[in-house]
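Q: To convert a position in the sequence shown, counted from 1, into our numbering, add 4. The beta carbon of each residue, even a glycine, is placed where N, CA and C say it ideally should be.
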Amino acid sequence: SFPGVLLEAGQAGVPVVAARVGGVAEIVADGQTGWLFEPGDWRQGAAILAGLVQSPRVCRSAGQAARDRVLSQFSVEGMAADYLKLYSELAR
5 SFPGVLLEAG QAGVPVVAAR VGGVAEIVAD GQTGWLFEPG DWRQGAAILA
55 GLVQSPRVCR SAGQAARDRV LSQFSVEGMA ADYLKLYSEL AR
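(1) Okay, do the segment 31-47 and the segment 8-23 touch, 3+ Cβ pairs below 8 angstroms being the bar?
(2) Taking only the alpha-carbon atoms, compute the straight-line gap between Ala69 and Gly44 and give it to the nearest angstrom.
(3) Under 8 angstroms between the Cβ atoms of Gln36 and Val74?
(4) What separation, rounded to the nearest whole angstrom, lies between the Cα atoms of Leu56 and Leu11?
(5) Pull the bridge partners of Trp39 from the DSSP assignment, please.
(6) In this structure, does DSSP put Asp72 in helix, strand or coil?
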C-alpha cells in the first residue's frame with residue numbers, strides 16, 4: 005500500500021516516525037526525511053520520538069527535506085511523466 009498521509013505530511017514539511025511497512029520506505033528516507041522503525045518494535049519507535057523531542061533543529065531540517073522530496077518525486081506532474089515514460093518503453 006502507498007500511504008498518502010505520508011505524502012501530505014511531507015508536503016506540509018512535517019517529518020514522520022513510522023513503521024517500515026508497505027510503501028512507507030518508498031516515501032520516507034530513513035534519517036533524512038523521517039525515521040523508520042521495525043514493525044512491532046514500539047521501544048525503537050519510542051526511542052526515536054524521545055530523541056527528536058530533544059532535537060527541534062533536526063526535526064525542522066528533516067521536515068524541509070521531506071517537503072523537497074515529496075515535491076520533487078511525488079508531484080502529480082512528476083508521477084504522470086514517469087507513467088508516460090514507462091508506457092512509452094513498454095510500447096516499444
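A: Well, looking at it:
(1) Under the three-pair Cβ rule at 8 angstroms, the segment 31-47 counts as touching the segment 8-23.
(2) C-alpha separation (whole angstroms): 27 angstroms.
(3) Not a contact, by the Cβ cut-off of 8 angstroms.
(4) Computed Cα separation, rounded: 20 angstroms.
(5) In DSSP, Trp39 forms a bridge with Val21.
(6) Three-state DSSP puts Asp72 in a helix.
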